[in-house]
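Take a look at the structure set out below.
Protein chains: 4
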Amino acid sequence: MIIVFEPSAKHEQIQHVFDRLIEWGFNPVLQEGEATSIAITGDTSSLKSETLEAFDGVQKAVRLTQPYKLVAREFKPEGTIIDIDGVKIGGKHFTMIAGPCSAESEAQLLTTAHAVKNAGGKILRAGIYKPRTSPYEFQGIGEKGLPWLKKAKEQTGLPVCTEVMDPKVLDKVKDVVDIYQVGARNMQNYDLLRELGKSKKPVLLKRGLSATLKELLLAAEYIMSSGNHDVMLCERGIRTYETATRFTLDVGAVPVLRHDTHLPIIVDPSHPAGKRALVGALAKAGLAAGADGLIVETHPDPERAWSDAAQQLTFDQFGQLMTELRPIATAVGRTMD
Amino acid sequence: MIIVFEPSAKHEQIQHVFDRLIEWGFNPVLQEGEATSIAITGDTSSLKSETLEAFDGVQKAVRLTQPYKLVAREFKPEGTIIDIDGVKIGGKHFTMIAGPCSAESEAQLLTTAHAVKNAGGKILRAGIYKPRTSPYEFQGIGEKGLPWLKKAKEQTGLPVCTEVMDPKVLDKVKDVVDIYQVGARNMQNYDLLRELGKSKKPVLLKRGLSATLKELLLAAEYIMSSGNHDVMLCERGIRTYETATRFTLDVGAVPVLRHDTHLPIIVDPSHPAGKRALVGALAKAGLAAGADGLIVETHPDPERAWSDAAQQLTFDQFGQLMTELRPIATAVGRTMD
Amino acid sequence: MIIVFEPSAKHEQIQHVFDRLIEWGFNPVLQEGEATSIAITGDTSSLKSETLEAFDGVQKAVRLTQPYKLVAREFKPEGTIIDIDGVKIGGKHFTMIAGPCSAESEAQLLTTAHAVKNAGGKILRAGIYKPRTSPYEFQGIGEKGLPWLKKAKEQTGLPVCTEVMDPKVLDKVKDVVDIYQVGARNMQNYDLLRELGKSKKPVLLKRGLSATLKELLLAAEYIMSSGNHDVMLCERGIRTYETATRFTLDVGAVPVLRHDTHLPIIVDPSHPAGKRALVGALAKAGLAAGADGLIVETHPDPERAWSDAAQQLTFDQFGQLMTELRPIATAVGRTMD
Amino acid sequence: MIIVFEPSAKHEQIQHVFDRLIEWGFNPVLQEGEATSIAITGDTSSLKSETLEAFDGVQKAVRLTQPYKLVAREFKPEGTIIDIDGVKIGGKHFTMIAGPCSAESEAQLLTTAHAVKNAGGKILRAGIYKPRTSPYEFQGIGEKGLPWLKKAKEQTGLPVCTEVMDPKVLDKVKDVVDIYQVGARNMQNYDLLRELGKSKKPVLLKRGLSATLKELLLAAEYIMSSGNHDVMLCERGIRTYETATRFTLDVGAVPVLRHDTHLPIIVDPSHPAGKRALVGALAKAGLAAGADGLIVETHPDPERAWSDAAQQLTFDQFGQLMTELRPIATAVGRTMD
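Order-wise, the sequence lines are chains A, B, C and D. Each residue of the first sequence is one higher than the last, beginning at 1485 in our numbering. Each residue of the second sequence is one higher than the last, beginning at 1485 in our numbering. Each residue of the third sequence is one higher than the last, beginning at 1485 in our numbering. Each residue of the fourth sequence is one higher than the last, beginning at 1485 in our numbering.
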């Protein structure tokens, strides 16, 4: 930690900070240069830069180390590969997760599961609990959908990924669900993160819609520090001023996360696109940028879907996308099989 | 709802949308003008514009009515005044809510409660459950702080406001807490909102850090549609590219919300400021813009505070702020007594 | 400047940076602590942090000093007061600049000038060159409006403020115009800034719609370093994801700029409001937050205005606003006379 | 244009808008439905939605047609291919534009030109006029660099692209420069756009750092409506709250622009990356998303570059990038030859 003082800082102000650091048990070193500063050596992880910036005369306090540990690339340089009954996420694999936004009926789900499987998808996604902006919208089929998920899994062999919002439901769904998804709205629902940290199943953690990558990594740190190291990070678009797309896919997040963390990185092209005509371009961009997989919405009859109708692909479109992705995967040294 | 077609839309595409609307039981009317469009008369609240924008050939679908009902100004033109044991929020009142970020000890809390009361504050705030970005930061004192809150209330008569994140704690805190605060990270935690909707106590609902005002109103609609009409909306700064302040106080939210809803509006100047030197200017701006009250952090010894050290005011600074706010309140026709 | 290395940085990488700094004539000091870092003492203003962050193994490079000089509060601690024929901006004065978005006719301009004067406005604003997003919109009346501005000034005694975009017009307008306005789109038009720096007239410099406050100060530094020290900074709303207002007024910019610079600060409530019903609340917020003045659009018949129709106030509304601002000005220790 | 009224709008307010539209020569039709609205048939391109939203009782006014004409896909459905002495941009071609941020010396420029040519680059970029945030930074070599550009072109045959900021320099550079670049800061410098519209050379128009895609298209419309139809649009990252990258590459802009306009689309991966280690991933994402070309910075010795040192690639890195791009280009049906 380096504490930089303003040019106008008085001697007493600098002394006051110095004394407080001594009181707190740190080891401050005063430095004169362009600006007066105090360097603190030793472990400062318990000290927040904001705290130091609150002192009169302080211009800024700069942390020299990252606030996270377990998620850091240094912790596991070789990169994490998650294995779900033989389906791998990470390494040279490029893994397609696909399925409907919401489970609507047994038939709809089974049809989709087979279509995903046939096109080369490796994991089935389907929501049964749906967070919705308005209380008057469809809120998900709930527990009623669990047997459908189970059947889809039995028939296709695809592991199942579904969003959970309330820790209370974990017990109910744990025998069916293989990957717990944390939605963007719940990225900082810390009670949920801690409960998932105690579970034994992989977690797909979506970036909050205005979360920084550092905050995403700290959310993953909540899960890992509670005991669960199988976390996938998901870039799904951030909120910006541009309204031509539903969200702005931050494709630069992929190489940044690759550098900072050993965890696998998934891109969701459906939510930032908002419209199915834009999904393909974003999917290809995510793959080319280095993502370990995609999570894509597809539905037997998108125009009649109960949620996210505009962005779900038809099976034909999904199959076409898979066909277009394969040569790109090869070009960037990935396997989709 | 108006559905506008692209200039290049084919006749079959337009017919397809038309037919689908008939199938769904709506009453579409085709219009030719600058652009071809379909107007739908009658109730379209079950129809999402995104759904319609998914059809080929559609340029955009524009909803003519707001998606919320109970929070709308039309529902209660005269404006809501919340009354908590005689402390009023709304109308001509300008109500100061103040206290420490976190309850740290009985002494710290009682000292602060008296300081708030003496300076003219009307409601005591203090966090016992703290959502923190990092798992390694102080997570709040928890239930241990409840007796302190109770004692502070008994000694000063100030109603107590505290943040709740987990519906499970409502039973534990309900005998002590007068106002449930929903933090920015939980604005779209719908399970929590529904539970608070079933409670009988006022809710202070903070705007999510990248929530639109429409989303804030829909979050309030969740609470109201579950049965609780005593909701205060709180503008606490949004996330933008500017880093000179911790968040950007969207002071324009005050007149916009005043027009759109009957609910009282509170401004939090502490979190957008991030530094105590900036709190005063934002507090005055909030009052002048028409807010019904402020929620401000103050602490007996901010430099040693366990959380949000940089933005908490000393008691002297808080007293000074109250002195500066009074003549402005008078100037804008508000009473602080 | 402090250069912080990544935990994984190799010895050779650190040595390489060290050697390069020596080669460039700097005085680097290696420091071991939580992280390895290099501090550079002496003047580093010619060195960019980005340059250093480009070296392999560097995590970040942190500048300890601000990149601007003449605009800094340290350069002139007592604050700049600009005096235009007796009209003062800065100090205890709160100065209203008002007038139509565009000069449309002699009658329209003269009527407005008298209305502004009668209501207590101190400076007349009116655009004759208009930057417009679409080439098919009204582009301003041009030089034809100069005699109108001159007449308005003669009749009312109000100094005149108008936007300039092209340095070529300075010669044409300099005998009539008292304040050159730089619009948000031109905040980083450096040729223009330098030309204005050579002029002798005050400049009202608007913040670019996604400019940081640091960039705004550096734009002012362009003008000051070219010789003109009479610069006013204008906060006029920034672009964010929120569309309920045209732009988001960053009211926190006022106290931040007050701390960082000695230059006067003007708030434009009209452009962020976008609608006249919201202008009053933003105007009051700007005053209460500590601005030295406002720039407000008013028009004899806003519904028929040729530009910015939605946000211009009627004369009645402008008069009403002035009446409402006076007691607030008194409450915050400002004079409007 | 559809004008939607608030539920609380009074009859007189609606009548007032109706009468005003008649007065202005439009053809309004009153519609009752969920909400009262007025549809205007016929050409409304002279009418701004903001103007209508200024009337009391109006909730919103929705334009049914786009404000631009010449840039629209409808104007030229087959897509524009720009041809510069045989180098093509658009269609099936994927065109690499590369070179140093700034021309620094004849040797530096010539070396780079040959390296670009050898690696398969088709156009040379190099800045001689540099817009810089601070007045104390290197402002470009100026006219002195023109003979270097000329020599580089003669030796390699590569057309030359350089940024122009001031219309006055067009005469000086026109014999050497093949493509005029408009930088992000000047996207709305309308005097410049109009002058470029009168020139006969292709223009590479960069998106402003908080410009919407609609504003980018309108800026291109300025150029086209002045007579020059050879415009390339360049996505170069937008400003968001995320600071892990210098800007956020809005890769979704590529498919959106592809749909809306016939103009070629270039992606600049260097500026959003900000660091050379991130350039490759963004370059590949741009190609995979469907861009017609890239503009990339490369320098013989980036660590010693006079500007943008952190993001310029070494020649080895540039060659490596070209090698990695080729198979992706093939995979998406593009040719780089």
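Every residue gets a Cβ at the ideal spot worked out from N, C-alpha and C, and that includes glycine. This structure is a prediction, so every number in the text was calculated from the model and none was measured.
Compare the beta carbon distance of residue 1584 (chain D) and residue 1789 (chain D) with 8 Å and say whether it is the shorter of the two.
In terms of Cβ geometry, residue 1584 (chain D) and residue 1789 (chain D) form a close pair [threshold 8 Å].
Which bits of chain B does residue 1759 (chain A) rub up against, with CB to CB less than 9 Å?
Within chain B, the residues 1534, 1537, 1538 have their CB atoms less than 9 Å from the CB of residue 1759 (chain A), given in chain order.
Quick one, are the C-beta atoms of residue 1753 (chain A) and residue 1777 (chain A) less than 8 Å apart?
no
For chain C, check one thing: does any of its Cβ atoms lie closer than 8 Å to the Cβ of residue 1664 (chain B)?
no
Identify the contact partners of residue 1723 (chain D) in chain C, using a Cβ-Cβ distance below 7 Å as the criterion.
1694
Would you kindly check if the distance between the Cβ of residue 1546 (chain C) and the Cβ of residue 1533 (chain C) is under 8 Å?
yes
Under 8 Å, CB to CB, which of the residues in the stretch 1595 to 1617 of chain D have a partner in chain C?
1615, 1616, 1617
Tell me, please, whether the CB atom of residue 1745 (chain A) is closer than 8 Å to any CB atom in chain C?
no
Is the shortest distance between the beta-carbon of residue 1518 (chain B) and the beta-carbons of chain D less than 8 Å?
Interface criterion met: the Cβ of residue 1518 (chain B) is under 8 Å from a Cβ in chain D.
Residues of chain C with CB closer than 9 Å to the CB of residue 1705 (chain D), please, in chain order.
1618, 1619, 1620
Any idea which residues DSSP pairs residue 1572 (chain B) with across the strands?
B:1567
By DSSP, does residue 1673 (chain B) sit in helix, in strand, or in coil?
coil
Could you tell me whether any Cβ in chain B is nearer than 8 Å to the Cβ of residue 1673 (chain A)?
Chain B, which has a Cβ nearer than 8 Å to the Cβ of residue 1673 (chain A), makes this yes.
Could you tell me which chain C residues have their CB closer than 7 Å to the CB of residue 1515 (chain A), listed as they occur along the chain?
1523
Report the residue ranges of all alpha helix (DSSP H) runs contained in full by the stretch 1720 to 1779 of chain A; include only those spanning at least 4 residues, in chain order.
With a minimum length of 4 residues, the continuous alpha helix (DSSP H) runs that stay inside the stretch 1720 to 1779 of chain A are 1737 to 1744, 1754 to 1757, 1760 to 1773.
Indicate whether at least one CB of chain A lies closer than 8 Å to the CB of residue 1736 (chain D).
yes
Any Cβ of chain B within less than 8 Å of the Cβ of residue 1780 (chain C)?
no
By the 10 Å Cβ neighbour count, where 16 or more other Cβ atoms means buried, how is residue 1495 (chain A) classified, buried or exposed?
exposed
For residue 1716 (chain B), the three-state DSSP class (helix, strand or coil):
strand
CB contact below 8 Å: residue 1647 (chain C) versus chain D
no
Using only alpha-carbon positions, find the residue among D:1574, D:1586, D:1538 that is nearest to residue 1611 (chain D).
D:1586
Could I get the ranges of all uninterrupted alpha helix (DSSP H) runs contained in the stretch 1563 to 1636 of chain B, with 4 residues as the minimum, in chain order?
1590 to 1603
Should residue 1654 (chain B) be flagged as near chain C, meaning a C-beta pair shorter than 8 Å?
By this cut-off, residue 1654 (chain B) is not an interface position.
List, in order along the chain, the chain A residues whose C-beta lies closer than 7 Å to that of residue 1774 (chain D)?
Below the 7 Å Cβ cutoff, chain A contributes 1765 as neighbours of residue 1774 (chain D), in chain order.
Might you give, ordered along the chain, the residues of its own chain that have their beta carbon closer than 6 Å to the beta carbon of residue 1603 (chain D), omitting 5 neighbours on each side?
1802, 1803, 1806
Residue 1686 (chain A) - DSSP class collapsed to helix/strand/coil:
In the structure shown, residue 1686 (chain A) sits in coil (DSSP, three-state: anything other than H, G, I, E or B).
Check the Cβ-Cβ distances between residue 1754 (chain D) and every residue of chain C, and say whether any is below 8 Å.
no
Those runs of the alpha helix (DSSP H) which lie wholly inside the stretch 1488 to 1539 of chain C and span at least 4 residues:
1495 to 1507, 1533 to 1537
Cβ neighbour criterion (16 or more within 10 Å) applied to residue 1679 (chain C):
buried
Does the count of Cβ pairs from the stretch 1548 to 1559 of chain A and the stretch 1697 to 1705 of chain A closer than 8 Å reach three?
yes
Tell me, please, whether the CB atom of residue 1530 (chain B) is closer than 8 Å to any CB atom in chain D?
no
Find the nearest neighbour of residue 1543 (chain D) within the set D:1573, D:1498, D:1655, D:1562, judged by alpha-carbon distance.
D:1498
If distances are taken between C-alpha atoms only, which option among C:1508, C:1757, C:1731 comes closest to residue 1795 (chain C)?
C:1757
CB of residue 1767 (chain C) within 8 Å of CB of residue 1815 (chain B), strictly:
no
Going by other Cβ atoms of all chains shown within 10 Å of its Cβ, with 16 needed for buried, is residue 1694 (chain C) buried or exposed?
buried
Report yes if the C-beta distance between residue 1750 (chain C) and residue 1741 (chain C) is below 8 Å; otherwise report no.
no
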